[in-house]
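A.B. asks: First residue of the sequence shown: 1, per the UniProt record's numbering; consecutive thereafter.
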Amino acid sequence: MLTLSLIGIGCGDPAQLTRAAIGTINAADLVLIPRKGIAKSDLADLRRTICADVLTSDKTRIAEFDLPVRDAAEADYRKGVDDWHDAVAATWSQTIADHLGSDGRIALLIWGDPSLYDSSLRIARRLDPLPDIEVVPGITSIQALCAAHALPLNDIGEPFLVTTGRRLLEGGWPQGVDTVVVMLDGGTAFQSLDPEGLHIWWGAYLGMPDQIIMSGALAEAGARIVAARQDARARHGWIMDSYILKRRP
1 MLTLSLIGIG CGDPAQLTRA AIGTINAADL VLIPRKGIAK SDLADLRRTI
51 CADVLTSDKT RIAEFDLPVR DAAEADYRKG VDDWHDAVAA TWSQTIADHL
101 GSDGRIALLI WGDPSLYDSS LRIARRLDPL PDIEVVPGIT SIQALCAAHA
151 LPLNDIGEPF LVTTGRRLLE GGWPQGVDTV VVMLDGGTAF QSLDPEGLHI
201 WWGAYLGMPD QIIMSGALAE AGARIVAARQ DARARHGWIM DSYILKRRP
């Protein structure tokens, strides 16, 4: 029987690993490391570093694989994602079959936490054969962002909303909340908002050596963030960022 452990590893700082994560990595027969191309080699390098730092079991093997790329040209967004998940699941299954067979424990190191804006749980349920699935929670980018800014996420007794850049761009400011967390923003959707009364706390490469954070009134900080984001993306070839917006009277 196969057991697949999806292990949250936080946002880039190996010190964010929990004891449970370290124990589960060492209990694995096989650790899978996805490669996302040269431009995002930092992500695979960090997973390799974690394995080198915490692995003490001589029975654990490491296998790397090239992650399929989602077809961004697909007009139907959900279909594109669905097809991509199928392709990733097929790649996982083949890599497991090649390196482990039909019995043993597999570990996948998941950026942040597997439960929050991550596809690993949905992909895992498409595997054939279907393994037992377990999750080890990790520090999310939301927690890392709040910590970097020493910012309490919610106001006293008030709700907040977590959404995507795409939804913010399409729907504008959500009703009923004064605090919005934005993830998976391929651009800078905050530029579509009326900045009056809005403050922003932004961070990129959270927990990594290249971490960048900025904050301020959106009317003033927005342009600085756009420029910093463009520069960082040009230097690294990729960017992973998130931000919090709060409406202030």
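C-beta: ideal position from N, C-alpha, C; glycine also. Small disclaimer: the values here were computed from a predicted structure and weren't measured.
(1) For the beta strand (DSSP E) containing A107, name the first residue and the last one.
(2) Helix, strand or coil for R35? Go by DSSP, reduced to three states.
(3) Compute the Euclidean distance between the alpha carbons of I33 and L108, then round it to the nearest angstrom.
(4) Here's a check: name, in chain order, each residue in its chain whose Cβ is nearer than 6 Å to the Cβ of A21, leaving out the five neighbours to either side.
(5) Can you tell which of L127, M1, G197, D45 has the C-alpha that lies nearest to the C-alpha of P209?
(6) Ordered along the chain, which non-local residues of its own chain (more than five positions away) have a Cβ less than 6 Å from that of Q211?
(7) Going by C-alpha distance, which of A97, A75, T60 is nearest M1?
(8) Apart from the five residues just before and just after Q191, which ones in its own chain have a Cβ nearer than 6 Å to its Cβ?
(9) Quick one: using the 10 Å Cβ neighbour count with 16 as the cut-off for buried, is A150 buried or exposed?
(10) What span of residues does the beta strand (DSSP E) with E196 cover, start to end?
(11) Does DSSP put K170 in a helix, a strand or coil?
(12) Mind listing, in chain order, the continuous beta strand (DSSP E) runs of no fewer than 3 residues lying wholly within the segment 15-91?
(13) Could you check where the beta strand (DSSP E) with L4 kicks off and where it finishes?
(14) Where A89 and I225 are concerned, what is the direct C-alpha to C-alpha distance, given to the nearest angstrom?
(15) Just tell me which of A124, P195, G171, G23 has its CA closest to the CA of Q94.
(16) Between which residues of its own chain and D66 is the CB-CB distance below 6 Å, once the five residues before and five after are set aside?
(17) Do L218 and P195 have their C-beta atoms closer together than 9 Å?
C.D. replies: In terms of the structure at hand:
(1) Start at 1 with the first residue of the sequence shown, and residue 107 comes out as number 107. Counting along the chain, the beta strand (DSSP E) containing A107 begins and ends at 104-110.
(2) Here residue 35 refers to the residue found at position 35 when the sequence shown is read from its first residue. Note: R35 maps to strand in three-state DSSP.
(3) Start at 1 with the first residue of the sequence shown, and residue 33 comes out as number 33. Start at 1 with the first residue of the sequence shown, and residue 108 comes out as number 108. One C-alpha to the other measures close to 7 Å.
(4) Numbered from 1 along the sequence shown, position 21 holds the residue referred to as residue 21. Scanning its chain for C-beta atoms nearer than 6 Å, with the 5 sequence neighbours on each side dropped, one finds around A21 the residues I7, V136, in chain order.
(5) For the purposes of this step, residue 209 is taken as the residue at position 209 of the sequence shown. The shortest Cα separation from P209 among L127, M1, G197, D45 belongs to D45.
(6) As a first step, residue 211 must be located in the sequence shown, where it is residue number 211. Only Y205 meet the Cβ criterion.
(7) Along the sequence shown, read from residue 1 onward, the residue named residue 1 stands at position 1. Looking at the Cα atoms, A97 is the closest of the given residues.
(8) Working through the sequence shown from its first residue, we reach residue 191 at position 191. Excluding sequence neighbours, Q191 sits near nothing in its chain.
(9) Residue 150 sits at position 150 when you count from the first residue of the sequence shown. Classification for A150: exposed.
(10) As a working mapping, residue 196 is identified with position 196 in the sequence shown. Run containing E196: none; DSSP gives neither H nor E here.
(11) What you label residue 170 is simply residue 170 of the sequence shown in a count that begins at 1. In the sequence as presented, Lys is not what sits at residue 170; that position holds Glu. Residue state, collapsed to three classes: helix.
(12) 30-35, 61-66, all fully within the segment 15-91.
(13) The sequence position of residue 4 within the sequence shown is 4, counting from 1. Residue range 2-8 is occupied by the beta strand (DSSP E) that includes L4.
(14) The residue given as residue 89 occupies position 89 in the sequence shown. The residue given as residue 225 occupies position 225 in the sequence shown. A89 and I225: Cα-Cα distance of roughly 36 Å.
(15) On the sequence shown, residue 94 is found 94 positions in, with the first residue counted as 1. Nearest C-alpha to Q94: A124.
(16) For the purposes of this step, residue 66 is taken as the residue at position 66 of the sequence shown. Excluding sequence neighbours, D66 sits near R35.
(17) Position 218 of the sequence shown, counted from the first residue, corresponds to residue 218. Position 195 of the sequence shown, counted from the first residue, corresponds to residue 195. Yes, the pair counts as a contact, with Cβ atoms nearer than the cut-off.
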